[in-house]
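Chains as they are written, first to last, in our numbering: chain A, 1 to 342; chain B, 343 to 684.
In this text, a Cβ means the ideal position worked out from N, Cα and C, and glycines have one as well.
Just so it is clear, the structure is predicted and the values come from calculations on it, not from any experiment.
Worksheet for the structure shown next.
Protein chains: 2
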Amino acid sequence: MDPVTIKDIARALNLSTSTVSRALRDSYEISPETKRLVMDYAERINYRPNPIALSLKGSSSRALGVVVPQIANNFFSQAINGIEAIAYNRGYHVIIFQTHESYERELANIQQAVSRRVDGLLISLSSETSDVSHLKALQAQGLPLVLFDRVADELNVAQVVADNFGGAYAATSHLLQTGRRRIAHLTIPPYMSITQERLAGYRAALEQYGVPYDENLVRYGTFGPDEADQLVEDLLSQTPRPDAFFTASDRLALGCLTALHRRGIAIPDDISLIGFTNLPAAELLNPPMSTVTQPAQEIGELAAERLIEQIERKHKASPPSTTKLPTGLNVRDSSRLVKTVV
Amino acid sequence: MDPVTIKDIARALNLSTSTVSRALRDSYEISPETKRLVMDYAERINYRPNPIALSLKGSSSRALGVVVPQIANNFFSQAINGIEAIAYNRGYHVIIFQTHESYERELANIQQAVSRRVDGLLISLSSETSDVSHLKALQAQGLPLVLFDRVADELNVAQVVADNFGGAYAATSHLLQTGRRRIAHLTIPPYMSITQERLAGYRAALEQYGVPYDENLVRYGTFGPDEADQLVEDLLSQTPRPDAFFTASDRLALGCLTALHRRGIAIPDDISLIGFTNLPAAELLNPPMSTVTQPAQEIGELAAERLIEQIERKHKASPPSTTKLPTGLNVRDSSRLVKTVV
DNA sequence: ATTTTTTGCGCAAACGTTGCCGGGAACGTT
DNA sequence: AACGTTCCCGGCAACGTTTGCGCAAAAAAT
Chain A
1 MDPVTIKDIA
11 RALNLSTSTV
21 SRALRDSYEI
31 SPETKRLVMD
41 YAERINYRPN
51 PIALSLKGSS
61 SRALGVVVPQ
71 IANNFFSQAI
81 NGIEAIAYNR
91 GYHVIIFQTH
101 ESYERELANI
111 QQAVSRRVDG
121 LLISLSSETS
131 DVSHLKALQA
141 QGLPLVLFDR
151 VADELNVAQV
161 VADNFGGAYA
171 ATSHLLQTGR
181 RRIAHLTIPP
191 YMSITQERLA
201 GYRAALEQYG
211 VPYDENLVRY
221 GTFGPDEADQ
231 LVEDLLSQTP
241 RPDAFFTASD
251 RLALGCLTAL
261 HRRGIAIPDD
271 ISLIGFTNLP
281 AAELLNPPMS
291 TVTQPAQEIG
301 ELAAERLIEQ
311 IERKHKASPP
321 STTKLPTGLN
331 VRDSSRLVKT
341 VV
Chain B
343 MDPVTIKDIA
353 RALNLSTSTV
363 SRALRDSYEI
373 SPETKRLVMD
383 YAERINYRPN
393 PIALSLKGSS
403 SRALGVVVPQ
413 IANNFFSQAI
423 NGIEAIAYNR
433 GYHVIIFQTH
443 ESYERELANI
453 QQAVSRRVDG
463 LLISLSSETS
473 DVSHLKALQA
483 QGLPLVLFDR
493 VADELNVAQV
503 VADNFGGAYA
513 ATSHLLQTGR
523 RRIAHLTIPP
533 YMSITQERLA
543 GYRAALEQYG
553 VPYDENLVRY
563 GTFGPDEADQ
573 LVEDLLSQTP
583 RPDAFFTASD
593 RLALGCLTAL
603 HRRGIAIPDD
613 ISLIGFTNLP
623 AAELLNPPMS
633 TVTQPAQEIG
643 ELAAERLIEQ
653 IERKHKASPP
663 STTKLPTGLN
673 VRDSSRLVKT
683 VV
């Protein structure tokens with residue numbers, strides 16, 4: 001039951017491998033009868049071309065590489081679903097790699113993907129990545145490349161992102177409109193594009209409402225296991241105490257909620273809470289959590305489309321555009337207007 | 343900046359490709375000086391062997407294929423983390439494929455993985471899969487194979503699973519002990535091993551408490567988008583109404599909770615709820631949800647270890663064992679003992 | 001000094017496939 | 001009848017690597 005090769009067909013049909021190859025690819029220089037013969041036989045013995053050999057020959061592998069920090073993250077798993085949906089009905093396969101937020105593993109994974117001859121790469125940067133010369137090198141090699149979510153502006157490639165600024169601005173504005181004035185921002189490592197954009201949206205909203213920016217209210221997490229509790233502790237010890245928390249990730253939102261519960265702090269009565277997250281359970285939490293959501297699946301779809309376009313229309317170098325998709329604000333109980341506060 | 347090949351080294355050093363190849367693999371028939379020369383140069387120009395060519399040659403690809411139904415599922419993403427952890431420090435790469443619960447895509451993905459010459463395969467069956475002849479074929483080919491979580495007993499391969507029977511038994515017993523008698527079971531498609539085992543655990547507990555099994559209380563979902571609501575509706579319309587729900591997946595647990603909220607049913611006062619799920623937010627739900635948890639990461643780790651063992655010790659055909667890992671029961675408010683019920 | 005052994009390396013085949021070139025047969029053209 | 005085309009097909013090389021074999025030179029044994 002070893003894999004059937006073109007040679008087996010050639011031998012069985014008393015033809016040369018080249019003829020078989022051409023017959024299978026429906027070349028014009030093979031007679032219809034021979035083609036029929038070869039194709040029927042190939043069908044019968046269930047022949048599948050060996051993609052490894054094809055890749056070696058230098059042609060396309062019809063595989064897309066996806067490099068993300070963590071698949072155990074709603075945003076990324078949804079984005080990957082979007083990518084797969086598009087790839088699948090365009091005839092591409094998707095190979096997924098995780099960097100686990102490590103620059104080193106990002107390098108290794110990209111290296112792997114490249115040497116496995118993927119036709120293109122969809123990348124969301126690790127939080128450790130500040131130097132993007134490895135991506136520049138890929139680009140210089142002419143490998144189709146699309147960045148999504150966590151991007152790097154200094155790179156001149158196609159990018160697909162959510163409107164992080166807008167989402168953070170909307171969330172912060174909402175908190176301000178419900179009377180909050182000391183709004184803490186629990187966020188992710190500072191190097192990342194999304195961190196900066198969200199921070200900027202947060203600051204812009206504060207400014208518009210004439211609330212001074214206080215850097216003591218901003219805390220950076222590191223994707224550590226139970227860091228949220230410590231961050232919350234730090235923030236709560238300030239005077240005056242924050243009256244709202246705006247968090248930048250699933251993990252931080254849940255960690256924050258846990259920490260507040262543990263301290264018996266009432267939400268939203270004492271502290272208002274809003275998370276930047278695609279948690280499917282947000283509505284069911286206690287209290288239902290307000291969220292800024294990103295169109296994760298759509299981001300994946302768009303990124304995949306951009307990439308495949310790039311792969312298939314390699315000549316017409318379409319200018320590498322950045323696409324920004326709108327975020328949504330879901331107001332729920334955790335940031336409800338509390339009369340006594342206003 | 344094209345990839346460096348062994349030929350480039352050979353040319354630069356005025357050696358043959360065979361010598362370079364052997365020098366790099368530290369063969370005894372190459373003089374120490376030549377080896378040093380080659381290795382230094384290879385290091386300097388950052389040579390990386392082409393895995394595609396290696397795979398074509400038939401040697402190992404040092405890649406593991408992982409085929410799962412959905413990565414956007416806590417259990418699987420955690421299991422994959424476990425797999426990757428082991429694979430990574432054993433020098434293997436992991437290539438992930440999703441079947442989206444489709445038998446057809448399972449076939450296609452396995453085919454892809456095989457033709458990409460993975461050294462072995464870690465598979466969790468799709469819910470549509472009842473015929474496993476494709477796996478038997480792999481096995482006959484001698485491809486190392488490990489099934490995890492959703493397995494098929496008729497297959498004589500290594501398997502790593504959670505104690506689904508035990509988990510379901512514990513959950514159901516707990517519900518019975520807290521005075522519930524009409525316990526509904528919302529579960530996943532019936533073909534799957536885990537469905538059957540959980541159902542068996544559920545029935546065993548009922549039997550032990552002398553509660554007759556009522557098949558009207560068991561409902562099978564299909565991974566559809568909003569099916570839970572309908573299933574709940576059906577179950578609630580029965581008389582007497584169920585006084586507890588035991589669900590078999592993340593999705594069903596959340597859907598069930600949503601459906602109960604929507605109908606204003608008090609948990610656990612009116613209906614007790616317990617889910618078979620690894621949701622990280624279970625503690626934070628309203629009310630905190632009781633769960634049966636599986637050691638997902640550990641399952642992944644063990645499965646990967648078994649697979650690598652099989653790959654590397656191919657001769658000593660260790661008898662394909664089934665490993666069963668214990669599940670845990672987390673009792674929270676959603677299945678709290680309510681005095682009036684007892 | 002001659003034969004044997006060892007050492008160190010190159011040649012060529014192979015993995016599965018495709019592209020380039022070349023060639024025989026049948027046909028049509030002068 | 002001689003030549004040019006067209007139509008089909010096979011041979012060979014190549015992708016990057018490993019490997020069995022062979023071969024020359026150096027070292028060792030006689």
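The alpha helix (DSSP H) enclosing residue i, as first and last residue numbers
i	result
A/S77	N74 to N89
A/A228	E227 to L236
B/H516	N506 to Q519
B/Q483	Looking at the DSSP string, B/Q483 is not in any alpha helix (DSSP H), and its letter there is neither H nor E.
A/A113	Y103 to S115
A/A53	P51 to K57
Reference residue i, options the options, closest by Cα
i	options	result
A/L252	A/G275, A/D243, A/A266 and A/S237	A/G275
A/G141	A/D119, A/V161, A/F148 and A/T129	One detail in the question is off: residue 141 of chain A reads as Gln in this sequence, not Gly. Out of A/D119, A/V161, A/F148 and A/T129, A/D119 has the C-alpha closest to the C-alpha of A/Q141.
A/A281	B/I387, B/P391 and B/N416	B/N416
A/L254	A/S237, A/Q112, A/E283 and A/P320	A/E283
A/L329	A/T99, A/Q294 and A/G210	A/Q294
B/A421	B/D675, B/N620 and B/L679	B/N620
A/H93	B/G433, B/H435 and B/F439	B/F439
B/A450	B/L477, B/L559, B/I530 and B/A427	B/L477
A/N89	A/I311, A/E305 and A/R336	A/E305
A/A63	A/I9, A/Y41, A/P144 and A/K7	A/P144
B/T441	B/E426, B/G521 and B/L464	B/L464
Inter-residue spacing [alpha-carbon to alpha-carbon] between residue i and residue j
i	j	result
B/F588	A/D229	32 Å
A/D214	B/E575	51 Å
B/R561	B/A590	10 Å
A/I287	B/R604	Sequence check: residue 287 of chain A is Pro here, not Ile. For A/P287 and B/R604, the distance between alpha carbons rounds to 15 Å.
B/R540	B/V634	11 Å
A/L307	B/S663	44 Å
A/V20	B/E448	29 Å
A/V132	A/I271	39 Å
B/K681	A/H174	42 Å
B/G407	B/G424	14 Å
B/V683	B/V502	Model confidence at B/V683 stands at a pLDDT of 46, short of 50, so the residue's coordinates are unreliable and nothing is read from them.
B/Y511	B/R524	15 Å
B/S469	B/P411	8 Å
A/V38	A/A113	34 Å
Unbroken beta strand (DSSP E) run spanning residue i, endpoints
i	result
B/N672	G670 to N672
A/T34	No beta strand (DSSP E) contains A/T34, which is instead part of the alpha helix (DSSP H) from P32 to R44.
B/V560	V560 to Y562
A/F223	Where A/F223 is concerned, there is no enclosing beta strand (DSSP E), given that its DSSP letter is neither H nor E.
B/G462	G462 to I465
A/T293	S290 to T293
Proximal residues of chain A, C-beta to C-beta of residue i below 7 Å
i	result
B/P622	L254
B/N392	S115
Contacts that residue i makes with chain A (C-beta to C-beta distance below 8 Å)
i	result
B/Q481	Result: empty, since nearest Cβ-Cβ is about 10 Å, beyond 8 Å.
7 Å Cβ cut-off: residues of chain B touching residue i
i	result
A/L257	L626
A/P212	Going along chain B, no residue has its Cβ under 7 Å from A/P212, so there is no contact; the nearest lies around 33 Å.
A/Q78	A414
A/I96	I438
A/Q112	H435
Helix, strand or coil at residue i according to DSSP, with G and I counted as helix
i	result
A/I421	With chain A represented from 1 up to 342, any question about residue 421 of chain A goes unanswered, as that position is not in the structure.
B/I641	helix
B/L357	coil
A/K339	helix
B/T600	helix
B/I413	coil
B/T537	helix
A/Q208	helix
B/R364	helix
A/L334	The question names Leu, but residue 334 of chain A is Ser in the sequence shown. Correct three-state label for A/S334: helix.
Neighbour list for residue i in chain A, Cβ cutoff strictly below 9 Å
i	result
B/S363	Within 9 Å Cβ-Cβ: nothing; B/S363 doesn't reach chain A, min ~16 Å.
Check: residue i C-beta below 6 Å from any heavy atom of the ligand MG
i	result
B/A601	Absence of the ligand MG from the depicted structure is noted, as is the absence of any ligand whatsoever, leaving it without description.
Contacts of residue i in chain B (Cβ-Cβ under 8 Å)
i	result
A/A53	L398
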